[in-house]
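Please read the structure below before turning to the comments.
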Amino acid sequence: MISRLIPFVQRAVPQLSSIRKVTSVLSQPILWAGAIALLICLLTVNRWTPLVRSSILLVATLSLLGGWRLLHDAFHDRLTGLPNRALFLKHLERVLRRQRHHKPFGIFYLDVDEFRALNQTLGRAGGDQLLTAIARRLRSFFGSATTLARVGGNEFVVLQKGVRTADEAMQLADRLHAQILAPFHINGQDVAATVSIGIALSSDYIWAHDLLKDAQLAMYHAKRQGRACHAVFEPHMRVQVASSTQLASDLRWAIERQELRLFYQALVSLQTKQIIGFEALVRWQHPKHGLMAPSEFIPLAETTGLIVAIGRWAIHQACNQLRRWQQGSLIESSLLMSVNLSAQEFSQPNLIDYIQQVLRDTGIEGHRLKLEITESTLMGDLEGAIATLNEIKSLGIQIGIDDFGTGYSSLSHLYYFPTDTLKIDQSFVRRLGNHTENDEIVRTIITLAHNLGMNVIAEGIETRRQLNLLRSLRCEYGQGYLFSKPLDRDAATRLLTEQLTEQWNSENLCNDFLRSS
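Counting from 2, one number per residue, gives the positions in the sequence shown under the working numbering.
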């Protein structure tokens, strides 16, 4: 059609005979002076050029271009300029219809992890800048020939041709994770972001909607594994997602129905082997599925935003339990209660007010409470994070950085955080004594913490060999199954009673010896 019209246009308008790169021709019949006139517009590269002979036709042309703009906006995301879900699905339908005649491809469904917390930390304008920066980085990574779309608030989809196998798709996802992990510069500060990626391969599909839906299901599966993960779609994921939908509904009622439980894992001095505190860990006593571990429902709580309510419940319950132990004379005044603080909780504007209220309600002194925060949580709004940490410290509360070394962080930033402890992730502890490079990483983390005036906790200690190595590296504290698994309230109380009895017997033996001598 275009090739037939261009010679006609060039003959009608000789001054446009130099036009060569015409990608579209738009025509509209107009009634003018009792006759039908043909209005023609040419799209050359990215610019519409109307061919007009009068002001009346110019008005009509502008009206036509305005309609084209509305049409463009209907199928594109205004923030990033990328195609939206509707346009992507139309394109995907066309590609699938040509499936027999072209190479296979993969659909990569990306969701920005913990975007709700990032948006609250950066503000809406900062969140929009982050999404735009992610879109630019994706375009730079994949190139202009790859179809890229924004299909939701913090969701992007990529159609990558030439992806034949799951292994090829996962290799590409690994490279994509590395690309996204580099910090984004938003409002003069470095912001860390990660994505969860779901992948579906085209060879098994006829309908575009099914292909996109299964890529999204794979993304949900990846998100349940943690941050910065990816997964290739498998049929059993459909059943899992249906189950997750019901689980999310059940979780909304879990607090009201008193189905949540706190378990307590002992924090131990590696030198004296005495309990110096507990970490409070949330479990869910589901009426149908039984006792559920955090990995089975915490990612769901983060996705739905329920993590804030669950986290606040955990802080209040943990402080209440500490008070009960204190009233029973089972603990020393220095015993700590450690509670994890999620990124969404940390970004809540009334966080400090809530913590103050908990301390007042339970009568617990601030120095008895420690809040553990992952390093990636602190890498968004740096100034805001430091201000919040200082407010927490002003209440006497201790601050620990959880799972150190597993996410993006900046050692230069670490210097400014008013933290008391670094926790070495169990993945490093598990490899102690088996890999020289890993041992050096642990040694470096401990040295770094000590140089910054912080103590170190190692999690996941399961063998005496690990214990001895950590003691030789001057790690102060630890937790793990070598000392105690997470215990319910009654079992943790018995553990404290046993330690108190041993101390009492030891003191009596010492006193008897001194009197006899």
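Quick reminder that beta carbons are idealized off the backbone N, C-alpha and C, glycines included.
In this text, all values refer to a predicted model and were calculated from it rather than measured experimentally.
Under the DSSP assignment, Ser395 falls in the alpha helix (DSSP H) whose first and last residues are 383 to 395. Excluding residues up to 5 positions away in sequence, Leu307 lie with their Cβ nearer than 7 Å to the Cβ of Arg253 in the same chain.
Counting C-beta pairs closer than 8 Å gives three or more between the region 102 to 111 and the region 151 to 165, which meets the contact rule.
Distance from the CA atom of Trp285 to the CA atom of Ala232, rounded to whole angstroms, is 26 Å. In chain order, Gly481, Tyr482, Leu483 place their CB closer than 7 Å to the CB of Glu463, counting only its own chain and leaving out the 5 sequence neighbours on each side. The beta carbons of Arg324 and Tyr355 sit no closer together than 8 Å.
By the neighbour-count criterion, in which a residue is buried when 16 or more other Cβ atoms sit within 10 angstroms of its Cβ, Asp114 is buried.
Classified as buried, Gln399 has 16 or more neighbouring CB atoms from the shown chains inside 10 Å of its CB. The C-beta separation of Glu373 from Lys424 comes to about 7 Å, placing the pair in contact by the 8 Å criterion. If you look at Ser485, you'll find it isn't in any alpha helix (DSSP H); DSSP assigns it neither H nor E. Taking the Cα positions, Ile365 is about 15 Å away from Ile353.
Beta-bridge pairing by DSSP links Asn341 to Glu373. For the pair Ala219 and Met238, the CB atoms are nearer than the 8 Å cut-off. Here Leu182 is not near Val96, since their CB atoms are 8 Å or more apart. A Cβ-Cβ separation of about 13 Å leaves Phe116 out of contact with Ala136 under the 8 Å criterion. Counting C-beta pairs closer than 8 Å gives three or more between the region 126 to 145 and the region 75 to 86, which meets the contact rule. Contact between Gly278 and Leu337 is confirmed by a C-beta separation of about 3 Å, below the 8 Å threshold.
Judged by DSSP in its simplified three-state form, Ala174 adopts helix. For Glu297, the enclosing alpha helix (DSSP H) has its first and last residue at 295 to 305. Taking a 10 Å sphere around the C-beta of Ile393, we find 16 or more other C-beta atoms and assign the residue as buried. The beta carbons of Ala310 and Ile256 sit closer together than 8 Å. For Tyr265, the number of other beta carbons within 10 angstroms of its own is at least 16, and it is reported as buried. By the C-beta criterion, the region 191 to 206 is judged to be in contact with the region 163 to 176, since at least 3 inter-stretch pairs fall below 8 Å. Approximately 26 Å separates the beta-carbon atoms of Glu280 and Ser197; this is outside 8 Å, ruling out the contact.
Bridge pairing for Glu460: Gln480 [DSSP]. Note on geometry: alpha-carbon atoms of Ser330 and Val457 lie some 28 Å from one another.
With fewer than 16 other beta carbons inside 10 angstroms of its own, Ile207 counts as exposed. Residue range 261 to 270 is occupied by the beta strand (DSSP E) that includes Tyr265.
The beta carbon of Lys224 sits closer than 8 Å to the beta carbons of Asp112, Asp114, Ser197, Cys230, Pro300, Thr304 from its chain, once the five residues preceding and following it are set aside; these are given in chain order.
Taking 4 residues as the minimum length, the alpha helix (DSSP H) runs contained wholly in the region 110 to 177 are 116 to 143, in order along the chain.
At a Cβ-Cβ threshold of 8 Å, Ala87 and Gln345 do not count as neighbours. C-alpha of His414 to C-alpha of His290: approximately 43 Å in a straight line. Of the candidates Ser348, Leu342, Thr389, the residue whose Cα lies closest to the Cα of Leu370 is Leu342. Distance check between Phe418 and each of Asn321, Leu248, Ser395, Leu390 places Leu390 closest, using alpha-carbon atoms only.
Secondary structure at Ala193: coil, using DSSP grouped into helix, strand and coil. Pairing Gly461 with Arg431 gives a Cβ-Cβ distance under 8 Å.
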